Each structure stands twice: as structure tokens, then as C-alpha cells.
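K.L.:
After the C-alpha cells below, expect a handful of questions from me.
Number of protein chains: 2
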Amino acid sequence: MVPLPPGQAVTEDTRGALLDAAERLFAENGLEGASVREITKAAKANLGAVNYHFGTKDGLILAVFSRRLKPINERRIAMLDTLEAKAGSQPLPLESVLNVFLRPMIEQQGSSLQDGQSFSRLMSRVFQEPNAQVEQLVYDQFGTIVKRINAALLRAVPDLPPEELFWRISFLFGSANHAIDAWSRFETNPFTHIPGAPVPRTLDREALLQRLIDYAAAGIRATAGTPPTGIS
Amino acid sequence: MVPLPPGQAVTEDTRGALLDAAERLFAENGLEGASVREITKAAKANLGAVNYHFGTKDGLILAVFSRRLKPINERRIAMLDTLEAKAGSQPLPLESVLNVFLRPMIEQQGSSLQDGQSFSRLMSRVFQEPNAQVEQLVYDQFGTIVKRINAALLRAVPDLPPEELFWRISFLFGSANHAIDAWSRFETNPFTHIPGAPVPRTLDREALLQRLIDYAAAGIRATAGTPPTGIS
DNA sequence: CATCGTTTCAAACGTTTGTATCAATCATAC
DNA sequence: GTATGATTGATACAAACGTTTGAAACGATG
């Protein structure tokens, strides 16, 4: 009844252009550092377009995050469903659970390389944004999947106390976010991260994912209570 | 010739109050989210005080970071000097090197508890700040110590390829920043970080440091090239 | 062709931003 | 005591900010 392609294509054009431009500029300059004027200019849209399509700048911010976060967590849930169905009553291997958590975040399915990388940087910053609404959105989106992944990890490493696992998941979050951020910056400038450290050559996603899984798996399996190093 | 205590005490009073207030507000609202007006008001200083003492707002930002970063890295260098002198030609244990890197950052020596925690949050954000000058400052401050720690780590785990070590240091950075940030938030709200995960009870610095070292040591020692998990 | 809801556009609004100005105040040195 | 340099104070400024407004343009429907 309503021909979508012509009718809404134009609409979704500027709407999508705004989302793309905002995602890039938010990643580059921060949420407050990127102005509505910059964004609309980059999107070749009118100044009022943001307020028309998203109400306020905060609405645009939420839309930017929501667009990417939703498919990531849906994919995580789907992957976990498949794995757990196959495994039956047996616990999943630790590496598989880590793969469920990390792969969708790294792959940024359904987005172009450029966009995905912009959002990677944005994503790495999401947990420390001073924007309360963004914080809430992320927690809402992550709530379900984190509970399930936490449970799966507890079964994968049954000897680890739950409180210990809490911290190790926290470490995992940090590693992943920082690494993805670092990785996504290499395109523009490989030297912007850790000064004095050797610069790696290979940068493909699969290798980064594998390295993250290796590292996190070993860290999570680590025996707690290593004797103190004795140096204060 | 010039009696410092009376003459400059007043000066350093508002200067210090500005630094303290700025540190707290930068951590809470971000570098751009905290205005000069807020900061001067919180510091009970005049609006023009920031421009008088630091030239510009950017000058204040740099001063805030510099004040904390400098002693942290000086302590790291001192600790490493001591350890390497004692060890002679022998490589340092991995845990000791990690301790050198992590302890000064966590202890925030010479600052009050409140201030230290504010800066912890600020610190965790420092690597992804869109402020080019802050970025440069951090790299300058970190350059020397990262080179030395990198070398010490290479000796501690001689079988690890340097390129592999690069990524694992990157993971270590991320873990530490995120964990310190999460840890510093527990005072105000223990539930603000990972939704659905169990909330830990103990929160003392030493325990966090030990957990970080355990986790990172295991991750860094991990053998690379674990077979793929086989799940796409 | 007229009409409708939707989208775009240019212009303006009132705030808030960082910074500059200049007089008042202060502690110190002569 | 008075002159001097350093600091504080109240006020003003131009620029940038997010948002609002009302008219113009658009495509689809009757």
C-alpha cells in the first residue's frame, strides 16, 4: 500500500547520513566535542535536521549507540543459544564463551569497514561516558547477555569463586575495549598508542580476536592467590 | 630571601583548589562537560582565576594531568631502578615487573583518598580523550617508562615474540584502566558497571592490585596460537 | 489539480561557553 | 607609611552552542 523505497528512502537517507556522520564525529571528538552544526554539515543536511529526526542531540546520541548495540547483543544471544543447544548439559569450553562475547563486538556485523571502526572507538568509550542516558542504554542492552555469559563462564571454570570471576570479567571488558580502540586507530596512525613499544605488523580482525581469547582464557583460568611479589 | 610559606601559600591555595575541583569535575563530567564557571565556583575562586593561573582552560587540563602523572612515573622508574640493581644480570620475575607498572597507578601516592579516586577515573579515560594536547602529554610522560617496562617484560618472558608482547601490554593497559575505574566507582554506586554480574565484597587496593597481577601474569604467559574455537 | 502529511530550509532565539578587561585588594619591600 | 608586584574581584565580550520557528518544497493521495 505504501511504496517504501521511494517514500522513505529519501527520509532514511538523511536520517542515516546523520547517524553515520554523528558516529564518526562522536568517535573523533567526543559526545560533547562534536556539535550539531558539525554533524549536520558533514551529513550534508540542514541544521534543524537533527532536532527534526531525533528531537534533541541526546536523542541522536542514543540512536547512534542503539543502532549498533542491538545487533551485537542479538548475535551474542543467538550464538549462545546455538552453542548451548549443541552442548546439552555439558558446560561450554571457556574459549567458546569468550568467542561469543568478543566476536560480535569485533566484527561489527552489517556495517561498512569505516563505520564499524568509528563505532569501535565509540564503543570503547561507552563505559566511561559521563552521559547518564547512554550509560543506562548500555546497561539495558548488556544486562541479559552479561548474565548469561557470566553463568556460562561459571560453568566453564567451576573452581573459580564467583567474586573472582566478577573481577576477571571486568578485566576482560577493559582489555577488549582498549584493544579494539587501539586496533581501530592503527589505520590513521599506528604510533598513537603505547609509546616505545614495538609496532605490530598484522592487524586483521581474526588475529586480534584470537589474541584476546588466548589472553583472557589464560587470565581467567589463573590460580588466585599468587604470593605477593614482596616489593612495595 | 623570599618567605615561601606565607607569600605563596595563599597563591598555591587557590591554585591547588582549582586543580582539585577541576580534577573532580573533569572526572565526573568530562573535559568539555566541566565548564570554567563550574570549576571556579566549586573551588570558591573567581571566574578569572583559571585564566590567571593557567592561561587557558587547556592549560588547566594539562596541569591537572601533569600533577598526578609525574609522580606516578617517577615512582615507577625508582622501583625499577631498585629492582634491577638488586637483580644484577638476572631477569626480573614477571610479577615484579607488573607490580612496578600497576602499583604506583593504583596507589596514587601523596594524594587524599578522594582526590586519588577522582584521578583514577580521569586516568582511565586518558587514552581515549579527544584532546590532542593531553594525548601528547601522556605519551611524553609514559614514553620512557614503557620502553623500560617493555624491555623488562621481554626478559621476563623470553619465549614471547615482541609483537605478541605488544598486544598483551595493550590488554594489560585496558584491564588496569577499566578495573581502576570500576573500582573507584563502587563507593558511589556498586551497580554501575557490569549489570547482571555478582557484586564483589572486598574492595581494598591491595586485593585489586593482586588480582590484576595474577590475571595479567597468566595472560602474558599464555601460549599463543590456541586452536580456533571453531564457532563463527 | 488540489490537498495532505512529511521533510527541508534559512533565519533567529536565548544560553552558555572561554577569555579579556580593569579596578580593588592584598602582602611585602623600601 | 608608602610604593610595588601579585592576586582577586565584578563585569563585559564575542563566539559557539542546541533549539525553535515558519515558510518553502516535496511526493503521494483523493
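Sequence lines, in order, name chains A and B.
In case it helps, the numbering used here puts the first sequence at residues -4 to 227.
In case it helps, the numbering used here puts the second sequence at residues -4 to 227.
Backbone N, C-alpha and C fix where the C-beta goes; we use that ideal spot for every residue, glycine too.
Since the model is a prediction, treat every value here as computed from it, not as a measurement.
Since A:Leu42 contacts A:Arg32 with CB under 8 Å, what's their CB separation in whole angstroms?
P.N.:
One-based indexing of the first sequence puts residue 42 of chain A at position 47. One-based indexing of the first sequence puts residue 32 of chain A at position 37. Sure, about 6 Å apart at Cβ, within 8 Å.
K.L.:
Count the other C-beta atoms from every protein chain shown that fall within 10 angstroms of the C-beta of A:Thr35, then say buried if there are 16 or more, exposed otherwise.
P.N.:
Residue 35 of chain A sits at position 40 when you count from the first residue of the first sequence. Buried, by the Cβ-count rule.
K.L.:
Going by other Cβ atoms of all chains shown within 10 Å of its Cβ, with 16 needed for buried, is B:Pro156 buried or exposed?
P.N.:
Locating residue 156 of chain B in the second sequence gives position 161, where the first residue counts as 1. Exposed, since its Cβ has fewer than 16 Cβ neighbours within 10 Å.
K.L.:
Ignoring anything shorter than 4 residues, give me the alpha helix (DSSP H) runs that lie fully in the segment 28 to 77 of chain B, in order along the chain.
P.N.:
Counting only runs of 4 or more, we get 31 to 37, 44 to 49.
K.L.:
Should B:Asp199 be counted as a contact of the ligand NAD given a C-beta to heavy atom distance under 7 Å?
P.N.:
Ligands displayed in this structure: none; no statement on the ligand NAD is therefore possible.
K.L.:
So, A:Gln128 versus A:Asp15, is the Cβ gap smaller than 8 Å?
P.N.:
For this step, residue 128 of chain A is matched to residue 133 along the first sequence. For this step, residue 15 of chain A is matched to residue 20 along the first sequence. Taking 8 Å as the Cβ cut-off, A:Gln128 and A:Asp15 do not qualify as a contacting pair.
K.L.:
So the candidates are A:Leu148, A:Arg200, A:Trp178, A:Pro153; which of them puts its Cα closest to the Cα of A:Ala211?
P.N.:
Residue mapping note: residue 211 of chain A aligns to position 216 of the first sequence, counting from 1. Per the Cα distances, A:Leu148.
K.L.:
Mind pulling the chain A residues with CB within less than 7 Å of B:Arg19?
P.N.:
In the second sequence, residue 19 of chain B corresponds to position 24, counting from 1. Neighbours of B:Arg19 on chain A: none; closest Cβ ~12 Å, over 7 Å.
K.L.:
Please confirm whether A:Pro59 and A:Ala12 have their CB atoms less than 8 Å apart.
P.N.:
The residue given as residue 59 of chain A occupies position 64 in the first sequence. The residue given as residue 12 of chain A occupies position 17 in the first sequence. Looking at the sequence shown, residue 59 of chain A is not Pro but Val. For A:Val59 and A:Ala12, no; Cβs fall outside 8 Å.
K.L.:
Taking the alpha-carbon positions, what's the B:Asn46 to B:Ala37 distance?
P.N.:
Counting from one through the second sequence, the residue named residue 46 of chain B turns up at place 51. Counting from one through the second sequence, the residue named residue 37 of chain B turns up at place 42. Each residue's alpha carbon lies about 16 Å from the other.
K.L.:
Check whether chain A comes within 8 Å of B:His173, counting only Cβ atoms and requiring the distance to be less than that.
P.N.:
Numbered from 1 along the second sequence, position 178 holds the residue referred to as residue 173 of chain B. True, the Cβ-Cβ gap to chain A drops below 8 Å.
K.L.:
B:Asp209: buried (16+ other C-beta within 10 angstroms of its C-beta) or exposed?
P.N.:
Locating residue 209 of chain B in the second sequence gives position 214, where the first residue counts as 1. That one is buried.
K.L.:
Using a beta-carbon distance cut-off of less than 7 Å, what residues from the segment 24 to 38 of chain B approach chain A?
P.N.:
Listed by position, the residues of the segment 24 to 38 of chain B near chain A (Cβ gap below 7 Å) are Asn24, Gly25, Glu27, Gly28.
K.L.:
Tell me which same chain residues have a C-beta within less than 7 Å of the C-beta of A:Gly214, skipping the five on either side of it?
P.N.:
On the first sequence, residue 214 of chain A is found 219 positions in, with the first residue counted as 1. Cβ neighbours of A:Gly214 beyond the five flanking positions: Arg163, Phe166.
K.L.:
Verify whether the separation of the beta carbon atoms of A:Ser113 and A:Ala174 is less than 8 Å.
P.N.:
Here residue 113 of chain A corresponds to residue number 118 of the first sequence, with the count starting at 1. Here residue 174 of chain A corresponds to residue number 179 of the first sequence, with the count starting at 1. The answer is no: Cβ separation not under 8 Å.
K.L.:
Between B:Ser165 and chain A, is there a C-beta pair that is closer than 8 Å?
P.N.:
Along the second sequence, one-based indexing puts residue 165 of chain B at 170. Closer than 8 Å: yes.
K.L.:
Determine the closest residue to A:Gly25 out of A:Ile67, A:Leu75, A:Val121, A:Glu69, with distance taken between C-alpha atoms.
P.N.:
Here residue 25 of chain A is taken as the residue at index 30 of the first sequence, counted from 1. Closest by alpha carbon: A:Val121.
K.L.:
B:Tyr210 versus chain A: which residues are under 7 Å apart at the beta carbon?
P.N.:
Counted from its first residue, the second sequence places residue 210 of chain B at position 215. Those within 7 Å of B:Tyr210 in chain A are Arg163, Phe166, Gly214, Ala217.
K.L.:
Name the chain B residues whose beta carbon is nearer than 7 Å to that of A:Arg70?
P.N.:
Within the first sequence, numbered from 1, the residue matching residue 70 of chain A stands at position 75. Here the premise fails: no neighbours, minimum Cβ distance about 11 Å.
K.L.:
Once DSSP output is grouped into helix, strand and coil, what is the label at B:Ser84?
P.N.:
Taking the first residue of the second sequence as position 1, residue 84 of chain B is located at position 89. Coil.
K.L.:
Just to confirm my understanding: we take B:Ile226, look at its own chain, exclude 5 residues before and 5 after, and list those with CB closer than 6 Å. What are they?
P.N.:
Position 231 of the second sequence, counted from the first residue, corresponds to residue 226 of chain B. Residue confidence for B:Ile226 is low, a pLDDT of 47 falling below 50, so the modelled location carries little weight; the figure read from the coordinates is stated next. So no residue of the chain qualifies.
K.L.:
Can you tell me whether A:Pro153 is helix, strand or coil according to DSSP?
P.N.:
If you number the first sequence from 1, residue 153 of chain A lands on position 158. It is coil, neither helix nor strand.
K.L.:
Indicate whether B:Ser179 and A:Gly169 have their beta-carbon atoms separated by less than 8 Å.
P.N.:
In the second sequence, counting from the first residue as 1, residue 179 of chain B sits at position 184. In the first sequence, counting from the first residue as 1, residue 169 of chain A sits at position 174. No, the Cβ-Cβ distance between B:Ser179 and A:Gly169 is not below 8 Å.
K.L.:
Are the segment 128 to 144 of chain B and the segment 128 to 137 of chain A in contact at 8 Å, needing three or more beta carbon pairs?
P.N.:
Result no; under three Cβ-Cβ pairs closer than 8 Å.
K.L.:
B:Pro153: buried (16+ other C-beta within 10 angstroms of its C-beta) or exposed?
P.N.:
Counting from one through the second sequence, the residue named residue 153 of chain B turns up at place 158. That one is exposed.
K.L.:
To the nearest angstrom, how far is the alpha carbon of B:Thr245 from that of B:Glu79?
P.N.:
This structure does not reach residue 245 of chain B, given that chain B is present from -4 up to 227, and the question cannot be answered.
K.L.:
Quick one: Cα of B:Met94 to Cα of A:Ala44, how far?
P.N.:
Counted from its first residue, the second sequence places residue 94 of chain B at position 99. Counted from its first residue, the first sequence places residue 44 of chain A at position 49. The amino acid occupying residue 94 of chain B in the given sequence is Asn; Met does not appear at that position. Using only the alpha carbons, I get a separation of about 52 Å.
K.L.:
Taking A:Ser119 and A:Asp176 to be in contact with their CB atoms under 8 Å, please state how far apart those CB atoms are, rounded to whole angstroms.
P.N.:
Translated into positions along the first sequence, residue 119 of chain A becomes position 124. Translated into positions along the first sequence, residue 176 of chain A becomes position 181. Yes, they are in contact, since the Cβ atoms of A:Ser119 and A:Asp176 sit about 4 Å apart, within 8 Å.
K.L.:
By the criterion of Cβ-Cβ separation under 7 Å, what are the contact partners of A:Leu170 in chain B?
P.N.:
Sequence index remark: in the first sequence, residue 170 of chain A carries index 175 (1-based). According to the sequence displayed, residue 170 of chain A carries Ser and not Leu. Those within 7 Å of A:Ser170 in chain B are Phe166, Gly169, Ser170.
K.L.:
Look at B:Arg241 and B:Leu203 and say whether their C-beta atoms are less than 8 Å apart.
P.N.:
Lying before the first or after the last residue shown, residue 241 of chain B is absent from chain B, which here runs from -4 to 227.
K.L.:
Would you identify the three-state DSSP class for A:Gln237, choosing helix, strand or coil?
P.N.:
Any answer about residue 237 of chain A is impossible in this case: the structure gives chain A only from -4 up to 227.
K.L.:
Let's see if you can read the secondary structure: which residues bound the alpha helix (DSSP H) around B:Gly214?
P.N.:
One-based indexing of the second sequence puts residue 214 of chain B at position 219. Per DSSP, B:Gly214 belongs to the alpha helix (DSSP H) from 200 to 216.
K.L.:
Roughly how many angstroms separate the alpha carbons of A:Asp8 and B:Ile144, rounded to a whole number?
P.N.:
Start at 1 with the first residue of the first sequence, and residue 8 of chain A comes out as number 13. Start at 1 with the first residue of the second sequence, and residue 144 of chain B comes out as number 149. Their backbone Cα atoms lie some 50 Å apart in a straight line.
K.L.:
Should B:Gln131 be labelled buried (16 or more other beta-carbon atoms within 10 Å of its own) or exposed?
P.N.:
The residue you call residue 131 of chain B lines up with position 136 of the second sequence. B:Gln131 comes out exposed.
K.L.:
Taking just the CA atoms, how far does A:Phe49 sit from A:Leu57?
P.N.:
Taking the first residue of the first sequence as position 1, residue 57 of chain A is located at position 62. Taking the first residue of the first sequence as position 1, residue 49 of chain A is located at position 54. Approximately 9 Å between the Cα atoms of the pair.
K.L.:
Please report the straight-line C-alpha distance between A:Leu207 and A:Gly28, rounded to a whole angstrom.
P.N.:
Translated into positions along the first sequence, residue 207 of chain A becomes position 212. Translated into positions along the first sequence, residue 28 of chain A becomes position 33. Answer to the nearest angstrom: the Cα atoms are 31 Å apart.
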